[in-house]
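Encoded as structure tokens, the structure appears first; notes follow it.
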């Protein structure tokens, strides 16, 4: 599957054309969650492929610590694998010093190795099938409420799918960021926002979530669609509404003043399950773009932190 969430049925033909004209094919291993045990990079014609261990093989993402992404190559590229100045590794035609550590953060590999050994070939294949099944289950539940941007010839998706939220900008002044922030009030960290298509939400449930958790997510998304509909119908204000002001913190709930045009209950307890097991956001809405464009901390002057 591609990052657009559909299986590229002509992928072998694409690779053959590239090879015919002297090119090489680099495959993004980010979508291996839908391939392990079912197909392989070599079968489709890839020459190089990195393995995203944090997506398919059970380690944390590199953003939370040292990352590790093994790179596999076809046999004809083995002589060009990188060498190292002090440790014998790589091919006879390899270049030097790709990384100071020739095997990367190799200790992390033990996590993935243990996962693979415990799952076994059958378990890994089943995980791929369930990841695809889970994504299609979410599609089946939510396609009546949100537009699924891409599907295959049979109307199915791979292990992930993309919801197109751009129509809500004109109908309710709601953008995909508002939906992502509102999901926090329901206890969910938002899926991927505006990638690979701006104004969309890419959902990748993986194989590890239970049906109960998938239903909880779908129920939240359906309720958010109803909140958008209230704005479209003029029931809720286009500027002062639960989406534009999301997420809502416990400080918002207990404050003496409440100036919004909707109730505190609607803000923080939008569904029955949020009353039973509420995950509270610690921080209210922040300006994402400002933080990205201003890398210098906007804290108080350092003198104010000095002890007298």
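Numbering (this note's numbering), first residue to last: 41 to 348. Using N, Cα and C, we set each Cβ at its ideal position, and we do this for glycine too. Here the structure is a predicted model, which is why all the values come from computation and not from measurement.
Selected residue, minimal CA-CA separation from residue i, among the options
i, options, result
"residue 250", "51, 167, 329", "167"
"residue 135", "144, 124, 141", "124"
"residue 227", "318, 187, 182", "318"
"residue 116", "131, 54, 200", "131"
"residue 219", "120, 286, 341", "286"
"residue 300", "67, 186, 283, 315", "283"
"residue 87", "290, 153, 113, 173", "113"
"residue 193", "343, 93, 79, 48", "48"
Alpha-carbon to alpha-carbon, residue j and residue i
i, j, result
"residue 268", "residue 323", "23 Å"
"residue 211", "residue 280", "15 Å"
"residue 109", "residue 56", "26 Å"
"residue 303", "residue 288", "12 Å"
"residue 294", "residue 308", "11 Å"
"residue 71", "residue 90", "11 Å"
"residue 341", "residue 335", "16 Å"
"residue 277", "residue 271", "6 Å"
"residue 328", "residue 291", "21 Å"
"residue 207", "residue 67", "32 Å"
Whole-Å CB distance - residue i paired with residue j, under 8 Å assumed
i, j, result
"residue 198", "residue 46", "6 Å"
"residue 76", "residue 96", "6 Å"
"residue 246", "residue 171", "5 Å"
"residue 233", "residue 217", "7 Å"
"residue 311", "residue 259", "6 Å"
"residue 221", "residue 325", "6 Å"
"residue 202", "residue 242", "5 Å"
"residue 321", "residue 224", "5 Å"
Terminal residues of the beta strand (DSSP E) in which residue i lies
i, result
"residue 243", "240–243"
"residue 258", "Note, residue 258: premise wrong, no beta strand (DSSP E); alpha helix (DSSP H) at 251–272."
"residue 54", "Per DSSP, residue 54 belongs to no beta strand (DSSP E); it is in the alpha helix (DSSP H), 51–60."
Residue span of the alpha helix (DSSP H) that contains residue i, given as start and end
i, result
"residue 292", "290–294"
"residue 330", "328–333"
"residue 308", "304–308"
"residue 300", "Here residue 300 belongs to no alpha helix (DSSP H), and DSSP marks it neither H nor E."
"residue 94", "93–96"
- alpha helix (DSSP H) runs contained entirely in the region 104–161, provided each spans 4 or more residues: Counting only runs of 4+ residues, no alpha helix (DSSP H) is found wholly inside the region 104–161.
- Query: Quick one: complete beta strand (DSSP E) runs, 3+ long, within the region 176–231?
  - Reply: Whole beta strand (DSSP E) segments, 3+ residues: 201–204.
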